[in-house]
Amino acid sequence: MTLFAAVLGENEKISEAVAAARRRMTRFPGDRWRAVARPGFALGVWQRWFGESAPPDGDWDVAERDGWVAVVSGHAVVAQDAAAAGSVAGAPDGTSVAECGGAAMGLAARLLADFVSDPMTRPRRWQGQFAFVAWHEATQRLFLVRDPFGIEPLYWGRLPGGGFAVANLAKTLVAMGVADGPDALGWASFFLWGNVDGRRTVFSGVEAAPQGSVGVVTLPCVSGPQWRVFRDLRTLWAVPSAPEYDEAAAQVAISRAVRDAVAVATADRQRTALFLSGGIDSGAVAGVLAQLGRAGTAYTLAFAEMAGQGNDERPWAERIARHYGLTHRVDQVAEPEFWATLPDFLDAMDQPTLDGINFWLSCQKAAQAGERVVCTGDGGDELFGGFTKLVLWRRAERVLRWVRRLPAGERVLVALMQGYGTLRRRPKWRWAGNYFATRDHLYFIPYAVFFPEELPDLLDSVMPVAQARALLTEGAFPEVDCLERAMQMRDTFHSMPNLYMRDAHWIGAAHGVQFRHPLASVSLLTTVAPWVCAFRGRRGKTLLAQAPQPPLPPEVVARPKAGFATPVAGWLAQRVFPTIPFPAVATIGSVERRLAWWLYQEWSR
Numbered sequence: 001m002t003l004f005a006a007v008l009g010e011n012e013k014i015s016e017a018v019a020a021a022r023r024r025m026t027r028f029p030g031d032r033w034r035a036v037a038r039p040g041f042a043l044g045v046w047q048r049w050f051g052e053s054a055p056p057d058g059d060w061d062v063a064e065r066d067g068w069v070a071v072v073s074g075h076a077v078v079a080q081d082a083a084a085a086g087s088v089a090g091a092p093d094g095t096s097v098a099e100c101g102g103a104a105m106g107l108a109a110r111l112l113a114d115f116v117s118d119p120m121t122r123p124r125r126w127q128g129q130f131a132f133v134a135w136h137e138a139t140q141r142l143f144l145v146r147d148p149f150g151i152e153p154l155y156w157g158r159l160p161g162g163g164f165a166v167a168n169l170a171k172t173l174v175a176m177g178v179a180d181g182p183d184a185l186g187w188a189s190f191f192l193w194g195n196v197d198g199r200r201t202v203f204s205g206v207e208a209a210p211q212g213s214v215g216v217v218t219l220p221c222v223s224g225p226q227w228r229v230f231r232d233l234r235t236l237w238a239v240p241s242a243p244e245y246d247e248a249a250a251q252v253a254i255s256r257a258v259r260d261a262v263a264v265a266t267a268d269r270q271r272t273a274l275f276l277s278g279g280i281d282s283g284a285v286a287g288v289l290a291q292l293g294r295a296g297t298a299y300t301l302a303f304a305e306m307a308g309q310g311n312d313e314r315p316w317a318e319r320i321a322r323h324y325g326l327t328h329r330v331d332q333v334a335e336p337e338f339w340a341t342l343p344d345f346l347d348a349m350d351q352p353t354l355d356g357i358n359f360w361l362s363c364q365k366a367a368q369a370g371e372r373v374v375c376t377g378d379g380g381d382e383l384f385g386g387f388t389k390l391v392l393w394r395r396a397e398r399v400l401r402w403v404r405r406l407p408a409g410e411r412v413l414v415a416l417m418q419g420y421g422t423l424r425r426r427p428k429w430r431w432a433g434n435y436f437a438t439r440d441h442l443y444f445i446p447y448a449v450f451f452p453e454e455l456p457d458l459l460d461s462v463m464p465v466a467q468a469r470a471l472l473t474e475g476a477f478p479e480v481d482c483l484e485r486a487m488q489m490r491d492t493f494h495s496m497p498n499l500y501m502r503d504a505h506w507i508g509a510a511h512g513v514q515f516r517h518p519l520a521s522v523s524l525l526t527t528v529a530p531w532v533c534a535f536r537g538r539r540g541k542t543l544l545a546q547a548p549q550p551p552l553p554p555e556v557v558a559r560p561k562a563g564f565a566t567p568v569a570g571w572l573a574q575r576v577f578p579t580i581p582f583p584a585v586a587t588i589g590s591v592e593r594r595l596a597w598w599l600y601q602e603w604s605r
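Residue numbers (full-length UniProt numbering): 1 to 605.
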């Protein structure tokens, strides 16, 4: 795990900014502080070595050559030629991955050697997760690069009094003085979704780099970065469906793509730990790791309160671990442990989120066991259509098509829903009818914590409802040939980067652990996309379950999706919520609404 901050500006000011960044970043585990200074440029890096063997120059994440200085956070493999495109599909398991991504050079040196030949397009050849920043002294230009899935965060802003700063944690920029207060739109997106929209932050003045883009900043930093997209996931999703669905062909292609994605993500390691739930996604990653001979310890989180319930992951995870012969560790967390770690959890939280506590507790256990790199199964639901929300969206479109054939049918339906929601104090019923117009709006409904109409009762600043509603349609998603493709495309810009991946980053930083997400792979998405419209029901996830050899156990595949659950909301409801004066709008509906208000108050202190 690498934390960094880079600054452009006057030498005295930038040295002060880097010192402030150092104070913030070194609160987290690390092995060495590295600083690089050039006229008008400074870089500070808090290094945490995660490799199994050190590169010859002793630096994995920082490189200098020919007037360039570069830093990287994450993990990536550079394709050796255009045909390879970072994939290893044409090679025996594990062989060419080591050649493409081996540790003879540090990661930053490998990426920089490739980058300098064509900075605006070369990152298309990189497979993996990366936030990469490079300074070119001769041209006085700073380049910012973020991976296509937005797995590795990258933030930028202006220093008070002049200067430009970039870091891979938002709170690092806040410590440097970049933020000038809360951002109303950032907080609005948090109340709407339960996490912050990836295009912004809750800190005014701290901006997020767009996914799959290269940004260029030139001294004297009169304007912000000029962005150019090098890989747009929307174009990968918006492909025509295969003329006919050939399940055998799909299975062969997907099995190879999953195997290659896991191989690329673990190219530099002999053994990699993983978080193992009882589901298909992490189970498939576990199976492929075992198949490649790279499986380390599998970690599963358990709660006594969940034992014996349908969402208890432990017995299913144990079944998968036995099936693949994994070393398996189950860590049971009791309530006192949660209360003891809660202050650190809130302090480390880089952007507010209603999720993440399960990741935090799991990461804590893995770090205590000495792990520095951990794989997850995140991304499987988004690529293979595993979310139960897809069923709701299909039903909604079917009902709306029927209702719209009737005179005033939609108006009557909306009125009935509003009346029922008001009477029964169910806000989703009350407000959902206002969000039937587009797929952007339909996509929002299952995720909604609050609705735009409710925000004036929550935020200190006055925000017109129309402005809040506009936040739901900023994605500029193309029209595609089926609902599944439309919604899964949106998931790769919403739930994947804004929730799981961003949480994994700051949680990993707080424990000195780097997370890798093999299923968030451009090559895997490219393989899957033509068949997405045929993945109704459990077909897509069944193909994923068949990717390892041997496949996942049939009983795991047949198990209804439960999702990972924790008793944390119940603990907070019993001990904390009675002490909080909630606004009336937060006292109705799901417990997530009270969680959101409580977290907002914690952040406002």
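Cβ coordinates follow ideal geometry from the N, Cα and C atoms, glycine included.
Classify Q291: buried if its beta carbon has 16 or more other beta carbons within 10 angstroms, exposed otherwise.
For this step, residue 291 is matched to residue 291 along the sequence shown. Counting Cβ neighbours within 10 Å, Q291 comes out buried, since at least 16 surround it.
Using the rule of at least 16 other Cβ atoms within 10 Å of the residue's Cβ for burial, across every protein chain shown, is P427 buried or exposed?
Within the sequence shown, residue 427 is the residue found at index 427, counting from 1. Buried, since its Cβ has 16 or more Cβ neighbours within 10 Å.
In or out: G150 buried (at least 16 other Cβ within 10 Å) or exposed?
In the sequence shown, counting from the first residue as 1, residue 150 sits at position 150. Buried, because 16 or more other Cβ atoms sit within 10 Å of the Cβ of G150.
Helix or strand or just coil, what does DSSP make of G101?
As a working mapping, residue 101 is identified with position 101 in the sequence shown. Interpretation of G101 is limited by its pLDDT of 40, a score under 50 that renders its predicted location unreliable; the figure taken from the coordinates is listed afterwards. In this structure, G101 counts as helix in the three-state DSSP scheme.
At which residue ranges does the stretch 316-392 contain complete beta strand (DSSP E) runs of 3 or more residues, listed in the order of the chain?
Fully enclosed beta strand (DSSP E) runs of 3 or longer: 328-332, 373-375.
Would you give the residue range spanned by the alpha helix (DSSP H) that V18 belongs to?
On the sequence shown, residue 18 is found 18 positions in, with the first residue counted as 1. Taken as a continuous stretch (DSSP letters only), the alpha helix (DSSP H) holding V18 covers 11-25.
What span of residues does the alpha helix (DSSP H) with H441 cover, start to end?
In the sequence shown, residue 441 corresponds to position 441, counting from 1. Its alpha helix (DSSP H) spans residues 439-447.
Which residues in the same chain as A261 place their Cβ atom closer than 8 Å to its Cβ, once the five residues preceding and following it in sequence are excluded?
What you label residue 261 is simply residue 261 of the sequence shown in a count that begins at 1. Contacts found: P518, L519, S521, S523, L524.
Is the number of C-beta pairs between the stretch 4-14 and the stretch 160-169 that are closer than 8 Å three or more?
The stretch 4-14 vs the stretch 160-169: in contact.
So the alpha helix (DSSP H) W49 belongs to, where does it begin and stop?
Within the sequence shown, numbered from 1, the residue matching residue 49 stands at position 49. It is not in any alpha helix (DSSP H) - W49 carries neither H nor E in the DSSP assignment.
Just to confirm, is the Cβ distance from V528 to R485 under 8 Å?
For the purposes of this step, residue 528 is taken as the residue at position 528 of the sequence shown. For the purposes of this step, residue 485 is taken as the residue at position 485 of the sequence shown. For V528 and R485, no; Cβs fall outside 8 Å.
Unbroken beta strand (DSSP E) runs of length 3 or more, entirely within the stretch 488-527: which are they?
DSSP runs (the beta strand (DSSP E)) wholly in the stretch 488-527: 514-516.
With burial defined as no fewer than 16 other Cβ atoms inside 10 Å of the residue's Cβ, what is the status of R398: buried or exposed?
Position 398 of the sequence shown holds residue 398. Counting Cβ neighbours within 10 Å, R398 comes out exposed, since fewer than 16 surround it.
Rounded to whole angstroms, what's the CA-CA distance from E99 to V77? Just pull it up for me.
On the sequence shown, residue 99 is found 99 positions in, with the first residue counted as 1. On the sequence shown, residue 77 is found 77 positions in, with the first residue counted as 1. Bear in mind that the predicted position of E99 carries a pLDDT of just 35, short of 50, making it unreliable; the figure below should be weighed with that in mind. When rounded, the distance between both Cα atoms is 10 Å.
For W193, report the span of its alpha helix (DSSP H) as first-last.
Numbered from its first residue, the sequence shown carries residue 193 at position 193. It spans 184-193 - the alpha helix (DSSP H) in which W193 sits, taken as one unbroken run.
Can you grab the Cα-Cα spacing for the pair L400 / I445, in whole Å?
In the sequence shown, residue 400 corresponds to position 400, counting from 1. In the sequence shown, residue 445 corresponds to position 445, counting from 1. Computed Cα separation, rounded: 14 Å.
Rounded to whole angstroms, what's the CA-CA distance from A91 to R259? Just pull it up for me.
To locate residue 91, count along the sequence shown from 1; it is residue 91. To locate residue 259, count along the sequence shown from 1; it is residue 259. Any reading at A91 must be qualified, since the residue scores a pLDDT of 36, below 50, and its modelled position is unreliable; the value itself is stated next. Near 11 Å, if we compare the C-alpha coordinates of R259 and A91.
Report the partner residues of A131 according to the DSSP bridge assignment.
If you number the sequence shown from 1, residue 131 lands on position 131. A131 is bridged to S73, R146.
Spatial neighbours of D355 within its chain, please: CB distance less than 8 Å, with the 5 preceding and 5 following residues excluded, ordered by chain position.
Here residue 355 is taken as the residue at index 355 of the sequence shown, counted from 1. Counting only Cβ-Cβ distances below 8 Å, and skipping sequence neighbours, we find G194, N195, L499, Y500, D503.
Do you know how far the Cα of V72 is from the Cα of F143?
Position 143 of the sequence shown, counted from the start, is the residue given in the question as residue 143. Position 72 of the sequence shown, counted from the start, is the residue given in the question as residue 72. Between F143 and V72, the C-alpha separation is close to 12 Å.
Secondary structure at V217, three-state DSSP: helix, strand or coil?
Position 217 of the sequence shown, counted from the start, is the residue given in the question as residue 217. Three-state DSSP puts V217 in a strand.
Between the alpha carbons of P352 and V252, how many angstroms are there, rounded?
Residue mapping note: residue 352 aligns to position 352 of the sequence shown, counting from 1. Residue mapping note: residue 252 aligns to position 252 of the sequence shown, counting from 1. Going from the Cα of P352 to the Cα of V252 covers about 41 Å.
Report the option in W431, T492, P497 whose CA atom is closest to the CA atom of residue 607.
As displayed, the chain neither begins before 1 nor continues past 605, which places residue 607 out of reach and without an answer.
Between R122 and the rest of its own chain, which residues show a CB-CB distance below 6 Å, the 5 nearest in sequence each way excluded?
To locate residue 122, count along the sequence shown from 1; it is residue 122. Closer than 6 Å at Cβ, skipping near neighbours: D114, F115.
Can you tell me which of E305, R23, A17, G30 puts its alpha carbon nearest to the alpha carbon of Q514?
On the sequence shown, residue 514 is found 514 positions in, with the first residue counted as 1. Of the candidates E305, R23, A17, G30, the one whose C-alpha sits nearest the C-alpha of Q514 is G30.
Between the beta-carbon of F493 and the beta-carbon of L192, is there less than 8 Å?
Here residue 493 corresponds to residue number 493 of the sequence shown, with the count starting at 1. Here residue 192 corresponds to residue number 192 of the sequence shown, with the count starting at 1. Against a cut-off of 8 Å, the Cβ pair of L192 and F493 comes out as no contact.
Would the stretch 545-555 and the stretch 407-423 be scored as touching if the rule is three or more Cβ pairs under 8 Å?
Result no; under three Cβ-Cβ pairs closer than 8 Å.
Is the beta carbon of R200 closer than 8 Å to that of A208?
Translated into the one-based positions of the sequence shown, residue 208 becomes position 208. Translated into the one-based positions of the sequence shown, residue 200 becomes position 200. Cβ atoms of A208 and R200: closer than 8 Å.
CB L455 to CB A468, shorter than 8 Å?
Stepping through the sequence shown from its first residue, residue 455 is reached at position 455. Stepping through the sequence shown from its first residue, residue 468 is reached at position 468. In contact: L455 and A468 (Cβ atoms closer than 8 Å).
Spatial neighbours of E337 within its chain, please: CB distance less than 7 Å, with the 5 preceding and 5 following residues excluded, ordered by chain position.
Here residue 337 is taken as the residue at index 337 of the sequence shown, counted from 1. Counting only Cβ-Cβ distances below 7 Å, and skipping sequence neighbours, we find nothing.
Name the residue from D381, D197, A366, L383 whose alpha carbon lies nearest to the alpha carbon of C375.
Taking the sequence shown and counting its residues from 1, the one referred to as residue 375 is at position 375. Taking only the C-alpha atoms, the option nearest C375 is A366.
Look at the alpha carbon of R141 and the alpha carbon of G215, and state the distance between them as a whole number of angstroms.
Sequence index remark: in the sequence shown, residue 141 carries index 141 (1-based). Sequence index remark: in the sequence shown, residue 215 carries index 215 (1-based). The straight-line gap from Cα to Cα measures roughly 10 Å.
Which whole-angstrom value describes the C-beta separation of V585 and D440, a residue pair presumed to lie in contact below a C-beta threshold of 8 Å?
As a position in the sequence shown, residue 585 is number 585, starting the count at 1. As a position in the sequence shown, residue 440 is number 440, starting the count at 1. 24 Å between Cβ atoms; not a contact.
Given this structure, state the Cα-to-Cα distance separating G283 from I357, to the nearest angstrom.
Counting from 1 along the sequence shown, the entry for residue 283 is found at position 283. Counting from 1 along the sequence shown, the entry for residue 357 is found at position 357. Taking the straight line joining both Cα atoms gives about 21 Å.
From the DSSP output, in three-state form, read off A42 for me.
Your numbering for residue 42 matches position 42 in the sequence shown. DSSP places A42 in strand when its eight states are reduced to three.
Can you tell me the Cα-Cα spacing of E592 and L442, whole angstroms?
Start at 1 with the first residue of the sequence shown, and residue 592 comes out as number 592. Start at 1 with the first residue of the sequence shown, and residue 442 comes out as number 442. Distance between the alpha carbons of E592 and L442: 20 Å.
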